[in-house]
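Numbering (UniProt numbering), first residue to last: 1 to 282. To start, the structure under review is shown below, and the notes come after it.
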């Protein structure tokens with residue numbers, strides 16, 4: 001047997017053993033990692049963020065928005081508007097449900113992927129019940145250092161968790177800089193593969209995916225309604241010259257059409273393109 005043949009055989013055996021033992025020979029892509037561990041308060045006003053807020057407020061009487069944008073690469077505040085105001089999280093709270101599940105034992109990777117990418121409510125409800133409900137929000141708020149986030153007033157209504165744009169930005173900052181690498185990859189792979197149509201049939205491609213089309217993103221969207229309001233949230237990390245967190249939370253009067261709300265949120269995100277330099281997200 002020649003030396004070349006021996007090397008080929010050895011390589012094949014190595015790969016076979018690695019597969020059998022579940023060992024990764026090549027590192028997974030970790031595109032959203034950062035070293036941004038410092039405290040950031042996204043509150044600096046700018047013409048772009050004012051225009052973004054106006055895009056929502058002008059679309060329906062009584063509509064409101066909370067906006068935050070953070071530069072993860074430079075670890076700096078880019079801009080914010082009403083970033084400490086509270087909004088219902090809708091499915092954005094699934095980020096906390098997933099983080100809490102990964103920190104515990106026996107998490108189901110396939111279930112987490114469905115909950116985050118397709119926004120599967122069934123998985124979220126199962127994990128919410130199994131892991132302590134409101135205690136999930138309390139645990140993760142303490143661990144991450146969230147300043148405004150509160151559990152829902154009504155047990156089981158996880159989508160009524162209250163949060164702020166600044167706190168959602170802190171969640172993504174935590175994922176990018178403090179979460180162990182394998183957990184981060186599990187989350188961001190799911191967030192990066194969100195399909196257009198969610199598990200409940202809603203079109204998820206509003207806000208970031210459409211307003212910042214052509215860029216890589218890792219998103220968690222949210223939509224739904226409370227007793228008297230409608231909720232539409234677009235949140236995530238977006239690539240450009242730097243990696244950024246973009247958060248737009250919005251609340252709408254009951255009776256507002258979903259197309260009106262989704263178009264306004266997408267327009268708001270588009271207004272943010274010029275921030276942090278003339279082509280920060282270009």
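We put the CB at the ideal spot given by N, CA and C, even for glycine.
For residue i, the nearest candidate out of the options (CA to CA)
i, options, result
"residue 158", "144, 108, 225, 36", "225"
"residue 36", "43, 63, 75, 64", "75"
"residue 213", "269, 48, 129, 189", "269"
"residue 177", "46, 92, 73, 217", "73"
"residue 100", "47, 184, 208", "184"
"residue 124", "147, 103, 33, 90", "90"
"residue 274", "29, 78, 62, 38", "78"
"residue 267", "29, 33, 40, 56", "56"
"residue 92", "102, 120, 105", "120"
"residue 240", "229, 230, 216", "216"
"residue 228", "256, 242, 238", "256"
"residue 295", "147, 180, 86", "The question about residue 295 has no answer here: the residues shown for the chain are numbered 1 through 282."
"residue 154", "133, 146, 141", "133"
"residue 223", "110, 140, 141, 197", "197"
Same chain, Cβ closer than 7 angstroms to residue i, neighbours up to 5 away in sequence not counted
i, result
"residue 98", "112, 115, 116, 187"
"residue 144", "170, 171, 174"
Beta carbon of residue i nearer than 8 angstroms to that of residue j
i, j, result
"residue 169", "residue 84", "no"
"residue 60", "residue 259", "no"
"residue 221", "residue 207", "yes"
"residue 251", "residue 58", "no"
"residue 71", "residue 244", "yes"
"residue 199", "residue 118", "yes"
"residue 137", "residue 129", "no"
"residue 88", "residue 231", "yes"
"residue 163", "residue 151", "no"
For residue i: DSSP bridge partner residues
i, result
"residue 233", "222, 249"
"residue 121", "DSSP output for residue 121 lists no bridge partner at all."
"residue 238", "217, 244"
Nonlocal neighbours in the same chain, by C-beta distance under 6 angstroms from residue i, ignoring five residues either side
i, result
"residue 247", "68, 165, 168, 169, 235"
"residue 262", "206"
"residue 81", "49, 53, 67"
Neighbourhood of residue i by C-beta, 8 angstroms cutoff - its chain only, sequence neighbours within 5 removed
i, result
"residue 11", "Its pLDDT being 46, under 50, residue 11 is placed unreliably in this model, and the value from its coordinates should be taken loosely. Cβ neighbours of residue 11 beyond the five flanking positions: none."
Complete alpha helix (DSSP H) runs within the stretch 28–108 (minimum length 4 residues, chain order): 47–57, 94–103
Sequence ranges, alpha helix (DSSP H) only - wholly within the stretch 121–168, length at least 4: 121–130, 134–144
4-residue-minimum alpha helix (DSSP H) runs that sit fully inside the stretch 168–212, ordered along the chain: 181–192, 208–211
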